[in-house]
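Quick notes on the structure that follows.
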Amino acid sequence: MIILIVLLLFILLLIYIHVLLNHSEKAKLIAAIPGSKWNFLVANGLDIMVSPAELFRLGREAANKFNGIYSFWGFGIGAVNIYNPEDIEIILSTTKYNDKSSIYLLLKPWLQEGLLLSKGSKWQQRRKILTPAFHFDILSQFAVTLEENSRRFVDYLEENEEAEVNIVPLLSDSTLNAICETAMGVHLRDEATNKGRIYKKTIYELGKILYVRFTNIIYLFDATFFYTPLGLKHKKCLDTIHSFTKEVIKERKEIINKHGVKFLENIKDDKNDVYIMNKRKRIAMLDLLITAEKESFIDDNGIQEEVDTFMFEGHDTTASGLTYCLMALANEKIIQDKIVAELHEIFGDSTRRATIADLSQMRYLERCIKESLRLYPPVPFISRSIDEEVVLSNYTIPKGVFCHIHIYDLHRRPELFENPDKFDPDRFLPENCVGRHPYAYIPFSAGPRNCIGQKFAMLEMKSLVSAVLRNFEIIPITKPS
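Structure, rendered in structure tokens:
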């Protein structure tokens with residue numbers, strides 16, 4: 001009898017929890033949006049308790065099944081998934097929905113309140129401080145560094161032309177070197193000190209840890225994660241990374257304090273290089289932050305936050321974009337030959353280094369990169385927090401849920417891009433862009449919180465791909481069916 005009573009009470013408790021979780025006003029609004037079938041208690045929460053590959057497959061399946069919007073509700077957490085440009089414009093075109101969803105908080109121990117994670121007036125101030133770092137005059141100087149980095153990448157391939165080379169880690173290494181030099185003024189490639197080698201290794205280790213954490217629900221909660229072996233390793237990695245960037249900032253500040261702000265002006269006037277104690281110095285993004293500190297716009301902690309954010313955002317995504325671009329060009333011999341012809345028009349038989357003026361003439365290559373980013377966006381989705389009620393696709397989205405913007409599915413909608421799975425750079429001819437919805441193509445996000453470094457990323461990709469194609473033909477190992 002007691003067992004039956006306990007069992008009955010347990011069932012009643014489950015029913016109560018089910019009603020509490022799944023019959024609130026918020027839950028009812030989410031339930032009105034198309035989505036997978038809800039189960040007792042967990043709604044469709046089990047949909048995300050799968051491997052990353054299976055989750056990706058289920059997401060594409062849902063995108064094909066529903067028309068631009070579908071919902072998720074599980075464990076009292078709600079999300080709406082959108083992939084039509086009209087809804088995306090509503091979310092991204094305003095600062096009302098500027099805040100990132102809480103999944104980004106997994107990055108906070110590393111990035112703190114840098115540009116990626118900061119909110120409100122702090123984000124606006126940081127954006128204002130950092131925008132000059134991507135002015136054309138500064139990018140022109142960065143282009144020299146990017147070209148040198150691309151040349152080193154090609155030199156390595158030539159030195160190992162008889163060997164089998166996996167270019168994925170090579171590209172990651174190349175982009176990490178590039179962002180270290182342009183963001184911090186540090187030449188990781190020299191690896192002159194053990195600290196540089198350790199920093200590079202630790203960045204990769206932390207990336208692997210974050211991947212595991214993002215894709216495993218048991219690691220999502222700080223209260224438990226940081227007591228696991230993986231969490232302890234995560235903390236050790238952060239200690240190493242923060243220590244390195246802190247030391248770089250200190251050394252750079254000492255140079256500027258010793259030689260004055262004029263040091264930066266001299267760099268500009270002397271065409272990229274200034275020699276201090278027989279060491280070449282180039283302007284870095286860090287210099288602009290240090291200058292802003294002198295004007296009391298940012299403090300030491302803020303400088304470190306932004307340097308760490310540059311390192312996170314400016315390395316792995318670009319490497320991913322380059323990997324997919326080279327893969328796509330390997331599969332498209334005719335298109336690859338057109339790029340080579342364009343490069344021959346610019347350089348002829350000369351082996352001179354590419355200037356920023358040369359890079360700006362690579363219009364066909366730029367269209368190819370854009371098409372690669374359409375098919376294979378390095379960031380396939382972004383997520384915002386809905387902090388006030390909004391209507392999307394005629395459905396009321398309640399306050400307090402997440403909005404996942406699926407860039408991958410947006411870019412493959414046939415009503416936006418005819419024959420969307422075909423690699424066709426001419427989609428980005430000016431005449432073919434006329435009439436296209438401004439939020440139909442957003443590999444760098446869009447609106448006021450778009451990627452501040454997108455021009456830098458495009459320069460880096462053009463520099464490296466052009467350097468490769470001036471020296472090699474890319475052929476596929478296997479061609480997709």
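When the letters of the sequence shown are read in order and numbered with the UniProt record's numbering, they come out as residues 1 to 481. No residue lacks a Cβ here, since even glycine has one placed at the ideal position from N, Cα and C.
Task: Start-end ranges of the beta strand (DSSP E) lying completely within the segment 384-434, minimum 3 residues - done: As far as the segment 384-434 is concerned, its whole beta strand (DSSP E) runs of at least 3 residues are 390-392, 395-397 and 401-406.
Task: Test item: CB-CB of Ile138 and Ile249 under 8 Å - done: no
TODO: With DSSP as the reference, label Lys37 as helix, strand or coil.
DONE: coil
TODO: Spatial neighbours of Glu388 within its chain, please: CB distance less than 7 Å, with the 5 preceding and 5 following residues excluded, ordered by chain position.
DONE: Lys96 and Lys399
TODO: Would you tell me roughly how many angstroms separate the C-alpha atoms of Leu324 and Ser296, rounded to the nearest one?
DONE: Checking the sequence shown, residue 324 turns out to be Tyr, not Leu. Distance from the CA atom of Tyr324 to the CA atom of Ser296, rounded to whole angstroms, is 42 Å.
- [ ] Label Glu332 either buried or exposed according to how many other C-beta atoms from any shown protein chain fall within 10 Å of its C-beta, with 16 as the threshold for buried.
- [x] With 16 or more Cβ atoms within 10 Å of its Cβ, Glu332 is classed as buried.
TODO: Could you check what DSSP says for Phe310 in three-state terms: helix, strand or coil?
DONE: helix
TODO: Within the same chain, show all residues whose beta-carbon is closer than 6 Å to that of Ala292, passing over the 5 residues directly before and after it, in chain order.
DONE: Ile129 and Ile298
Open item on the list: Which of the three DSSP states is assigned to Tyr275 in this structure?
Closed with: With a pLDDT of 40 at Tyr275, under the threshold of 50, the modelled position of that residue is not reliable, and the figure given next carries that caveat. In the structure shown, Tyr275 sits in a strand (DSSP, three-state: E or B).
Task: Beta-carbon spacing of Ile382, Ile407 below 8 Å - done: yes
Task: Phe347 - containing alpha helix (DSSP H), residue span - done: Element bounds for Phe347: Lys333 to Phe347.
TODO: Alpha carbon to alpha carbon, how far is Arg412 from Val434? Give it in angstroms, no decimals.
DONE: 18 Å
Open item on the list: Here's the rule I'm using: 16 or more other beta-carbon atoms within 10 Å means buried, otherwise exposed. How should Gly314 be labelled?
Closed with: Classification for Gly314: buried.
Open item on the list: Quick check on Ala440: does DSSP put it in helix, strand or coil?
Closed with: coil
Open item on the list: Rounded to whole angstroms, what is the Cα-Cα separation between Ser118 and Gln112?
Closed with: 8 Å
Open item on the list: Can you tell me where the alpha helix (DSSP H) holding Ile203 begins and where it ends?
Closed with: Asn194 to Phe214
- [ ] Figure out for me which residue from Leu92, Gly68 and Arg363 has the closest Cα to the Cα of Pro430.
- [x] Checking every option, the nearest Cα to that of Pro430 belongs to Arg363.
Task: Asp409 burial status per 10 Å Cβ neighbour count (16 or more: buried) - done: buried
Task: Among Gly59, Ile334 and Glu460, the one whose alpha carbon lies nearest that of Val424 - done: The residue asked about is misnamed: residue 424 is Asp in this sequence, not Val. Of Gly59, Ile334 and Glu460, the residue nearest in Cα terms is Ile334.
Open item on the list: Give the list of continuous alpha helix (DSSP H) stretches no shorter than 4 residues that lie fully inside the segment 40-85.
Closed with: 52-65
Task: Own chain residues within Cβ distance below 8 Å of Asp426, not counting five before or after - done: Arg367 and Asn432
TODO: Taking 8 Å as the threshold, find out whether the segment 141-150 comes into contact with the segment 444-462 through three or more Cβ pairs.
DONE: yes
- [ ] Might you give, ordered along the chain, the residues of its own chain that have their beta carbon closer than 8 Å to the beta carbon of Ile203, omitting 5 neighbours on each side?
- [x] The residues are Leu176, Ile241, Met311 and His315.
Task: Option nearest Tyr83 by Cα separation, candidates Val165, Ile91 and Gly76 - done: Ile91
TODO: With a threshold of 16 other CB atoms inside 10 Å of the CB of Phe136, please say whether the residue is buried or exposed.
DONE: exposed
Open item on the list: Since Trp110 and Leu230 should fall inside the 8 Å C-beta cutoff, what is the C-beta to C-beta distance between them, to a whole number of angstroms?
Closed with: With 8 Å as the limit, Trp110 and Leu230 do not qualify as a contact, their Cβ atoms being about 15 Å apart.
Open item on the list: Is the separation between the beta-carbon of Trp73 and that of Ala31 shorter than 8 Å?
Closed with: yes
TODO: From the DSSP output, in three-state form, read off Ile298 for me.
DONE: coil
Open item on the list: Which residue marks the beginning of the alpha helix (DSSP H) containing Asn160, and which one marks its end?
Closed with: Asn160 -> no alpha helix (DSSP H), and no H or E assigned at all.
Open item on the list: Could you tell me the alpha carbon to alpha carbon distance between Lys100 and Asp421, rounded to whole angstroms?
Closed with: 30 Å
- [ ] Starting from Gln125, follow the alpha helix (DSSP H) in both directions and report where the run begins and ends.
- [x] For Gln125, the enclosing alpha helix (DSSP H) begins and ends at Gly120 to Leu130.
- [ ] Could you give the DSSP three-state label for Lys253: helix, strand or coil?
- [x] helix
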